[in-house]
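Counting in our numbering, the sequence shown runs from 391 upward without gaps.
Built from N, CA and C at the ideal position, the CB exists for glycine as well.
All remarks here apply to the structure that follows.
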Amino acid sequence: MTQIVRDPSFYEPADEDDCSAYGYFCQTHDRHYWHESCGEGPHLIVLHCQEHGAESMWPQPAMLLFPEGFDPPLSDAQLAWVQAEEDADQA
């Protein structure tokens, strides 16, 4: 399973968004993903917002360890969030 965290074609969330309905969607099998029940073989999983469709995720814990190591790289907003979290942890 590969989870796609960010893609230039995905919606970039903003603080003003008040989205409330999310789920995971398997791009490989073109259906909702729930514990590999969408089909056999590899899965390409994206965060799916009911309002915006595929959406770039805010950084996950693993991303906080190596924010420069993602391809495509984190957006400016995601990187700012990572840096703010790091600054808060060091304070």
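Under 7 Å between the Cβ atoms of Y414 and I435?
In this structure, I435 lies closer than 7 Å to Y414 by Cβ.
Given a cut-off of 7 Å, decide if H419 and C428 are closer than it, judged by their beta-carbon atoms.
Closer than 7 Å, so yes.
For M391 and H357, the rounded distance between their alpha carbons:
Absent from the structure is residue 357, since the part of the chain shown begins at 391 and ends at 481.
To the nearest angstrom, how far is it from the Cα of Q468 to the Cα of E430?
Each residue's CA atom was taken as its position, placing Q468 and E430 some 32 Å apart.
State the beta-bridge partners of S393 as determined by DSSP.
The question names Ser, yet the displayed sequence has Gln at residue 393. Answer is I435, bridged to Q393.
Could you spell out the range, first to last residue, of the beta strand (DSSP E) harbouring E445?
Counting along the chain, the beta strand (DSSP E) containing E445 begins and ends at G443 to E445.
Given a threshold of 16 other Cβ atoms within 10 Å of its Cβ, counted over all protein chains shown, does E445 qualify as buried or as exposed?
The residue is buried, with at least 16 neighbouring Cβ atoms inside 10 Å.
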